[in-house]
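I have placed the structure first, in the form of structure tokens, so that the comments after it can refer back to it.
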Amino acid sequence: MTKVVGAARRINWAGQAPLITLLVLCIVTSLLTSRFLSPINLTNIFVQSSIMAVIAVGMTFVIIGGGFDLSVGSTVALSGCIAAMAMLKFGIFAGVVSGIAAGAAVGLANGLIVAALKVNPFIATLGSMVLVRGVVYIITGGAPVSGDDGLPGAFVAFGNARLFGIHYLVWVPLVLLIVLSVVMQLTPYGRRVYATGGNREAAYLSGVAVERVIASTYVWCGALAGVAGVMLAARLQSGQPTAGEFYELTAIAAVVLGGASLYGGEGTLYKSVIGVFIMIVLGNGLNLLNVDSYWQRVAVGAVVIAAAAADRLRSRA
Amino acid sequence: MNDIAAGAQNVRKRFGATTALDGVTFEVAAGEIHALVGENGAGKSTLVRVLGGVVAPDEGAVTIGGREYRLASPHDAIAAGIVAIPQELQLVPALSVAENLALGDLPACRLFGVDVFVDRARMRAEAQTHLAMFDFAPDADLPVRHLSFAEQQILAIAKALRRRARVLILDEPTAALENREVEQLFAVLRRLQANGTAIIYVSHRLEEIVQLADRCTVLRDGRVAAVVARGAFNAADLVQAMTGRTAIREATVPATPGGMLLEDVEPRSDAIHLRAGEVLGLAGLLGSATTDVLARFFGLAPRATIARVNNRLRRLSTPIAAIDAGIGFVPPSRKLGLVMNQSVYDNIVLPSLGLQRLGRGAGRRRYRRLVSELMEFLDIRPRQPEMKVSALSGGNQQKVILAKWLLRRVDMLLLDEPTQGVDIAAKAKIHALLRDFAARGGGVLLSSSDFSELAGLCDAVLALRHADIVARIDRTEVLSEERIHAAVA
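Those protein sequences? They're chains A and B, same order as listed. Under our numbering, think of the first position of the first sequence as 288, with each following residue one higher. Under our numbering, think of the first position of the second sequence as 115, with each following residue one higher.
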């Protein structure tokens with residue numbers, strides 16, 4: 288017993304707040320509705336979370352680097368549509384690659400505007416959010432991209448099939464999370480991102496190429512939004528020009544819920560993914576409880592504000 | 115003492131596991147300048163923050179004018195007549211001198227019984243009469259960002275004293291002032307003293323305290339180590355009371371300069387030649403070019419400097435280029451040198467990340483060992499590489515910045531005010547370290563507004579006036595504070 292108490296003391300409870308929040312949320316939801324714990328519902332949550340998790344991981348890069356990216360939702364749509372269009376002409380591989388490349392290109396443009404031109408990231412990515420959405424409508428003419436006979440079968444299967452009982456869509460963030468966590472925690476590059484976000488001036492005076500580091504975080508964010516766009520296209524069996532609306536808000540909320548600081552320099556990739564689960568489980572719970580969808584928006588907005596307020600209080604303490 | 119203006123009775127304050135104040139009793143009388151000294155971590159700033167209403171004590175009481183107060187915020191303290199001037203001045207850079215002075219109660223023109231417009235003329239006139247009391251007559255419409263730091267300091271004091279302060283608390287007010295301006299500030303303080311204002315004066319500069327203070331309270335480890343009256347103490351006594359040791363003599367072994375390390379190749383009026391084994395000081399009045407010289411060699415100037423570094427011609431266009439050439443820079447503010455929310459370890463390895471000769475193969479374990487060796491060598495306390503650097507005292511933070519460059523194994527160190535706001539023991543340690551660095555064949559170029567520091571530490575001092583080097587004073591001649599002062603003035 289004393290051992291348990293001792294161990295409990297050693298755990299840094301404040302650092303585990305996202306996980307505790309998620310567990311409490313799951314317990315409360317499962318008590319309110321028996322359907323929450325059904326296998327179908329749980330699978331649903333994981334699949335829904337998988338796409339958002341990929342976006343949130345990219346967003347975490349930007350936020351740790353001291354930035355902000357509002358354009359990810361539009362980038363998801365752009366990548367999905369370009370992937371679908373390229374796939375119909377040149378095959379699956381070319382489609383996937385060009386979808387991700389489109390996302391990375393948007394990220395690079397954001398990164399250069401923010402890092403080299405020193406435009407406020409909020410304004411820069413607000414602009415690119417609208418601009419990219421416009422481009423999506425121009426290239427698709429506003430209609431879904433699925434060709435006459437639909438997207439290639441193997442690609443569509445990727446959106447539904449499983450490996451070792453787990454959806455392919457869930458494997459993607461799992462693998463990315465492990466690889467990118469190693470990048471962030473153990474490589475010089477990752478440590479430079481943390482240092483730049485924590486104190487840009489000090490990092491510069493320590494010989495960090497801060498502009499390149501900042502630009503790179505946007506490239507990661509864009510490329511991962513591209514991956515998410517391709518995943519969503521597989522799931523929807525088409526490139527949807529309207530896809531990904533408000534994804535940026537969910538992703539930012541998830542990252543902040545996961546304990547990253549909007550002032551930069553702090554954050555952990557896996558905790559951002561826990562933040563994604565909090566957002567998805569919340570939405571799922573409200574759905575199961577038949578809460579009106581208008582009220583759901585109110586709830587999600589309130590959570591975003593609460594998460595940002597908590598961030599502010601944390602940094603004051 | 116007659117008429118106690120303010121005091122703290124048996125105050126205790128704990129932060130987590132550390133006891134910052136352990137039963138401190140402190141009093142300042144009306145018309146008294148009472149100095150507060152102690153090493154970093156001795157509890158000076160906590161005591162000042164308790165008196166200023168920023169921090170509430172766990173036990174004990176604050177008295178002002180004989181009444182006991184529970185100060186919940188700086189507002190309460192100001193209302194009770196205690197005004198603290200922090201090291202970082204709370205002025206709005208974009209607003210004018212007059213506006214900054216009047217901020218909080220701007221005079222207004224009334225229209226239909228409602229305050230509408232700011233009465234600029236009245237505000238300006240009030241500012242001028244008020245500032246005249248301080249022998250200070252700037253253009254009242256000038257934005258504050260155009261004032262020198264010293265002028266801003268006086269403005270901040272003037273602002274504080276618009277509201278009849280009974281007690282004024284000054285924290286390191288002379289840290290960025292040059293001698294003439296220090297005199298100007300002291301004159302203001304003495305005038306306030308004559309008017310009956312009680313002044314609590316926190317400083318590391320013991321000579322100033324000996325010169326200025328009526329009494330001096332020495333804090334050590336959260337307790338009062340001594341309270342001494344004017345005439346009964348000198349600087350060495352204070353050091354002994356603060357540290358519990360006798361004053362550490364500064365190392366003044368002259369080095370034997372070796373080959374040229376850093377040399378300007380373009381003809382210019384502030385050309386520098388730094389040899390291996392040499393500690394070279396830059397002396398100048400505030401706002402002069404000493405900082406510019408350091409910034410130029412670290413690639414921070416708008417135009418890249420071409421210099422011969424270690425016998426290779428280098429274009430020093432960015433910090434990356436400078437570091438690559440073997441130059442390290444210790445900036446004037448620790449906030450520029452450290453990523454405060456990261457650990458000591460992360461900060462120390464930052465300039466060396468990805469460096470082949472340190473990393474690769476040997477890997478993180480080798481880094482960890484090197485960092486703990488450096489922490490041992492520099493006596494960085496506590497010896498916890500995973501501790502957040504923001505939790506360290508100022509002196510230890512400065513050592514962390516030095517450790518960054520020692521791990522990177524630079525050949526030259528450029529330092530801007532390296533011991534500003536650092537306590538005596540850490541200052542001596544940093545001086546010894548710089549001498550040692552030079553003795554091993556490194557070159558040191560430092561600027562300091564503390565000329566006694568330059569006189570004690572350097573092999574030679576370059577005196578700058580505007581952007582020109584007007585004199586070089588070598589240790590072989592007589593190198594003294596007075597000589598340096600005469601050269602720059």
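Every residue, glycine too, gets a C-beta built ideally from N, C-alpha and C.
Whole angstroms are fine: how far does the CA of Asn407 of chain A sit from the CA of Arg329 of chain B?
Residue mapping note: residue 329 of chain B aligns to position 215 of the second sequence, counting from 1. Residue mapping note: residue 407 of chain A aligns to position 120 of the first sequence, counting from 1. Cα to Cα, the separation comes out at about 52 angstroms.
Within 10 angstroms of its Cβ, does Glu380 of chain B collect 16 or more other Cβ (buried), or is it exposed?
Within the second sequence, numbered from 1, the residue matching residue 380 of chain B stands at position 266. With fewer than 16 other Cβ atoms within 10 Å, it is exposed.
For the segment 442 to 467 of chain B, which residues have a CB atom closer than 7 angstroms to at least one CB atom of chain A, in sequence order?
Of all residues in the segment 442 to 467 of chain B, Phe443, Pro445, Leu450, Gly451, Leu452, Val453, Met454, Asn455, Gln456, Asp460, Leu464, Pro465 and Leu467 have a Cβ within less than 7 angstroms of some Cβ in chain A.
Quick check on Asp378 of chain B - is its C-beta less than 9 angstroms from some C-beta in chain A?
What you label residue 378 of chain B is simply residue 264 of the second sequence in a count that begins at 1. No, Asp378 of chain B does not count as interfacial toward chain A.
Whether or not the segment 511 to 520 of chain B and the segment 542 to 552 of chain B are in contact is what I'm after, with contact meaning three or more pairs of Cβ atoms, one per stretch, closer than 8 angstroms; do they touch?
Contact holds: three or more Cβ-Cβ distances are below 8 angstroms.
Buried or exposed for Asp537 of chain B, going by 16 or more other Cβ atoms inside 10 Å?
Working through the second sequence from its first residue, we reach residue 537 of chain B at position 423. Classification for Asp537 of chain B: buried.
Kindly indicate the opening and closing residues of the beta strand (DSSP E) around Thr177 of chain B.
On the second sequence, residue 177 of chain B is found 63 positions in, with the first residue counted as 1. Note, Thr177 of chain B: beta strand (DSSP E), Glu173 to Ile178.
Could you name the residues of chain A that Pro433 of chain B contacts, counting a contact when the two beta carbons are closer than 9 angstroms?
Here the question's residue 433 of chain B lines up with position 319 in the second sequence. Within chain A, the residues near Pro433 of chain B are Tyr491, Leu492, Ser493, Gly494 and Val495.
Is DSSP giving Asn455 of chain B helix, strand or coil here?
For the purposes of this step, residue 455 of chain B is identified with residue 341 of the second sequence, where counting begins at 1. Note: Asn455 of chain B maps to coil in three-state DSSP.
Going by DSSP in three states, Ile494 of chain B sits in which element: helix, strand or coil?
Numbered from 1 along the second sequence, position 380 holds the residue referred to as residue 494 of chain B. Correct three-state label for Ile494 of chain B: coil.
Within its chain, find whatever has a CB closer than 7 angstroms to the CB of Asp172 of chain B; leave out the 5 residues flanking it on each side and keep chain order.
Taking the first residue of the second sequence as position 1, residue 172 of chain B is located at position 58. For Asp172 of chain B, where only same-chain residues beyond five positions count, the Cβ hits under 7 angstroms are Arg126, Lys127 and Arg128.
Since Ala540 of chain B and Gln512 of chain B should fall inside the 8 angstroms C-beta cutoff, what is the C-beta to C-beta distance between them, to a whole number of angstroms?
In the second sequence, the residue the question calls residue 540 of chain B occupies position 426. In the second sequence, the residue the question calls residue 512 of chain B occupies position 398. Indeed they touch by this definition, with Cβ atoms about 7 angstroms apart.
Output the distance between the C-alpha atoms of Ala381 of chain A and Ala370 of chain A, rounded to the nearest integer angstrom.
For the purposes of this step, residue 381 of chain A is identified with residue 94 of the first sequence, where counting begins at 1. For the purposes of this step, residue 370 of chain A is identified with residue 83 of the first sequence, where counting begins at 1. Cα to Cα, the separation comes out at about 8 angstroms.
Of the residues B:Leu488, B:Gly137 and B:Pro445, which one's Cα is nearest the Cα of Leu528 of chain B?
By 1-based counting over the second sequence, the position of residue 528 of chain B is 414. Comparing Cα-Cα distances from Leu528 of chain B to each of B:Leu488, B:Gly137 and B:Pro445, the minimum goes to B:Pro445.
Below 7 angstroms on C-beta distance, what does Ile437 of chain B contact in chain A?
Position 323 of the second sequence, counting from 1, holds the residue named residue 437 of chain B. Per Cβ cutoff of 7 angstroms: Gly494.
Would Met247 of chain B be called buried (16 or more neighbouring beta carbons within 10 Å of its own) or exposed?
Taking the second sequence and counting its residues from 1, one reaches residue 247 of chain B at position 133. Met247 of chain B is exposed by the Cβ-count criterion.
What did DSSP end up calling Tyr183 of chain B once you bin it into helix, strand or coil?
Here the question's residue 183 of chain B lines up with position 69 in the second sequence. It is a strand residue.
Exposed or buried, which one is Glu532 of chain A when buried takes at least 16 other CB atoms within 10 Å?
To locate residue 532 of chain A, count along the first sequence from 1; it is residue 245. With fewer than 16 other Cβ atoms within 10 Å, it is exposed.
Does the structure place the segment 354 to 371 of chain A close enough to the segment 512 to 519 of chain A that three or more beta carbon pairs sit under 8 angstroms?
Touching, yes.
Along the alpha helix (DSSP H) that carries Thr160 of chain B, what are the first and last residues, could you check?
Here residue 160 of chain B refers to the residue found at position 46 of the second sequence. That run of the alpha helix (DSSP H) goes Lys158 to Leu165.
Within a Cβ cutoff of 6 angstroms, which residues of the same chain sit near Thr412 of chain A, ignoring the five residues on either side of it in sequence?
For the purposes of this step, residue 412 of chain A is taken as residue 125 along the first sequence, with counting starting at 1. The answer, listed in chain order, is Asp356, Leu357, Ser358 and Asn397.
Taking DSSP as the reference, what is the three-state secondary structure of Phe248 of chain B?
In the second sequence, residue 248 of chain B corresponds to position 134, counting from 1. Three-state DSSP puts Phe248 of chain B in coil, outside helix and strand.
Since Ala482 of chain A meets chain B, which of its residues come closer than 9 angstroms, beta carbon to beta carbon?
Here the question's residue 482 of chain A lines up with position 195 in the first sequence. Ordered by position in chain B, the residues that pass the 9 angstroms Cβ test against Ala482 of chain A are Val453, Gln456, Asp460, Asn461, Leu464 and Leu467.
How long is the line joining the alpha carbons of Ala365 of chain B and Leu547 of chain B, rounded to whole angstroms?
By one-based count along the second sequence, residue 365 of chain B stands at place 251. By one-based count along the second sequence, residue 547 of chain B stands at place 433. With a pLDDT of 44 at Ala365 of chain B, under the threshold of 50, the modelled position of that residue is not reliable, and no figure is offered here.
Starting from Leu548 of chain B and walking both ways along the alpha helix (DSSP H), at which residues does that stretch end?
Numbered from 1 along the second sequence, position 434 holds the residue referred to as residue 548 of chain B. Ile538 to Ala553 is the span of the alpha helix (DSSP H), which, as asked, contains Leu548 of chain B.
What I want to know is whether the C-beta of Asp525 of chain B ends up closer than 8 angstroms to one or more non-hydrogen atoms of the ligand HEM.
The model depicted lacks the ligand HEM and carries no ligand whatsoever.
Can you tell me whether Gly395 of chain B is helix, strand or coil according to DSSP?
On the second sequence, residue 395 of chain B is found 281 positions in, with the first residue counted as 1. Looking at Gly395 of chain B - three-state DSSP - the assignment turns out to be strand.
Do the segment 420 to 439 of chain B and the segment 484 to 496 of chain A make contact, defined as three or more Cβ pairs closer than 8 angstroms?
With a cut-off of 8 angstroms, the segment 484 to 496 of chain A and the segment 420 to 439 of chain B count as touching, because enough Cβ pairs lie within range.
Looking at C-beta atoms only, is the number of pairs between the segment 535 to 549 of chain A and the segment 559 to 569 of chain A that lie closer than 8 angstroms three or more?
Yes, the segment 535 to 549 of chain A is in contact with the segment 559 to 569 of chain A.
According to a CB-to-CB cut-off of less than 7 angstroms, which residues of the segment 497 to 527 of chain B neighbour chain A?
From the segment 497 to 527 of chain B, only Lys518 have a Cβ closer than 7 angstroms to chain A.
Within the continuous alpha helix (DSSP H) that includes Asp190 of chain B, where are the two ends?
The residue labelled residue 190 of chain B in the question sits at position 76 within the second sequence. That run of the alpha helix (DSSP H) goes Pro188 to Ala194.
Mapping DSSP to helix, strand and coil, what is Phe377 of chain A?
The residue labelled residue 377 of chain A in the question sits at position 90 within the first sequence. It is helical.
Please compile the residues from chain B whose C-beta is within a distance smaller than 9 angstroms of the C-beta of Glu498 of chain A.
By one-based count along the first sequence, residue 498 of chain A stands at place 211. The premise fails here: Glu498 of chain A is roughly 10 angstroms from chain B at the closest Cβ pair, so nothing lies under 9 angstroms.
Are the segment 485 to 502 of chain B and the segment 392 to 399 of chain B touching, with three or more C-beta to C-beta distances below 8 angstroms?
With the cut-off at 8 angstroms, the segment 485 to 502 of chain B and the segment 392 to 399 of chain B do not touch.
What is the rounded straight-line gap between the Cα of Leu463 of chain A and the Cα of Gly484 of chain A?
Counting from one through the first sequence, the residue named residue 463 of chain A turns up at place 176. Counting from one through the first sequence, the residue named residue 484 of chain A turns up at place 197. Straight-line Cα distance between these residues: approximately 22 angstroms.
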